[in-house]
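*Asks:* What follows is a single structure, and I will ask about it in a moment.
Numbering (our numbering), first residue to last: 1 to 202.
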């Protein structure tokens with residue numbers, strides 16, 4: 001290794017700024033194949049994330065795709081992880097804003113109205129089949145309710161999902177308590193319990 005520390009070691013130092021990046025690096029020297037191989041081995045042990053090629057024509061060689069594929073995969077994976085972390089941070093920020101500004105409005109709305117259906121569209125003009133079906137069953141059972149169109153307010157749409165920990169719309173609330181979506185409303189209707197659940201006589 002004495003010869004490497006002499007004539008070739010400065011070249012090793014020149015490559016160190018690339019080595020930490022996980023690159024394929026070429027070594028330029030006319031010192032002979034034996035020393036080139038020694039230097040390549042030394043640098044590879046020192047910087048295992050990189051591959052050093054003796055007798056290269058360029059100090060930074062073109063990527064050899066079969067060798068670089070794992071490194072590229074790791075790089076893309078790290079980018080995706082970074083993007084995911086940013087998305088999660090943004091998501092947490094949005095949740096905090098919903099809790100501060102939207103959820104209190106939802107609580108107030110539910111406190112003022114005994115039966116509330118959060119839906120897409122309005123009771124007279126629903127804009128999705130599930131909301132239409134839920135609204136129709138409530139009307140069929142002569143249940144007076146307030147329909148809240150979540151399509152008018154994206155923050156409300158996300159807020160009500162967070163409030164009830166229920167991922168879909170529509171959502172039926174009675175006296176501030178979540179009853180469920182259109183499938184639950186249908187089950188209660190078929191069992192004859194929908195009016196009772198809504199606080200009305202059979």
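All C-beta atoms in this analysis are idealised placements derived from N, C-alpha and C, irrespective of residue type, glycine included.
Assuming residue 197 and residue 179 make a contact with CB atoms under 8 Å, what is their CB distance in whole Å?
*Replies:* About 6 Å; that satisfies the 8 Å criterion.
*Asks:* Would you say residue 204 and residue 188 are within 8 Å of each other, going by their C-beta atoms?
*Replies:* The question about residue 204 has no answer, for the chain in this structure spans 1 to 202.
*Asks:* By alpha-carbon positions, which one of 138, 106, 115 and 112 ends up nearest to residue 124?
*Replies:* Of the listed residues, the one whose Cα sits closest to residue 124 is 138.
*Asks:* For residue 104 and residue 191, I'd like the C-alpha separation in whole angstroms.
*Replies:* Each residue's Cα considered, the two are about 34 Å apart.
*Asks:* So, is residue 167 buried or exposed, given that buried needs 16 or more other C-beta atoms within 10 angstroms?
*Replies:* With fewer than 16 other Cβ atoms within 10 Å, it is exposed.
*Asks:* State yes or no: is the beta carbon of residue 184 nearer than 8 Å to at least one beta carbon in chain D?
*Replies:* The chain inventory of the structure shown lacks chain D, comprising one protein chain alone.
*Asks:* Is it buried or exposed for residue 119, if we count other Cβ within 10 angstroms and need 16 for buried?
*Replies:* With 16 or more Cβ atoms within 10 Å of its Cβ, residue 119 is classed as buried.
*Asks:* Among residues of its own chain, excluding the 5 on either side of residue 162, which ones have a beta-carbon nearer than 6 Å to its beta-carbon?
*Replies:* Taken in chain order, the residues that qualify are 98.
*Asks:* Do you know how far the Cα of residue 96 is from the Cα of residue 170?
*Replies:* Using only the alpha carbons, I get a separation of about 23 Å.
*Asks:* According to DSSP, what are the bridge partners of residue 119?
*Replies:* The partner list for residue 119 (beta bridge, DSSP) reads 149.
*Asks:* Excluding five sequence neighbours on each side, which residues of the same chain lie with their C-beta closer than 6 Å to the C-beta of residue 200?
*Replies:* There are no such residues.
*Asks:* Apply the 10 Å Cβ neighbour rule to residue 131 and answer buried if 16 or more other Cβ atoms are within range, or exposed otherwise.
*Replies:* Buried: at least 16 other Cβ atoms inside 10 Å.
*Asks:* So what's residue 29 in DSSP terms, helix, strand or just coil?
*Replies:* Confidence at residue 29 is low in this model, with a pLDDT of 43, below 50, so the placement of that residue is unreliable and no value is reported for it.
*Asks:* Put residue 200 into one of helix, strand or coil per three-state DSSP.
*Replies:* DSSP places residue 200 in coil when its eight states are reduced to three.
*Asks:* Mind checking residue 126: buried by the 16 CB within 10 Å criterion, or exposed?
*Replies:* Buried, because 16 or more other Cβ atoms sit within 10 Å of the Cβ of residue 126.
*Asks:* Which residue's Cα is closest to the Cα of residue 174: 115, 102, 106 and 146?
*Replies:* When only C-alpha atoms are compared, the closest one is 115.
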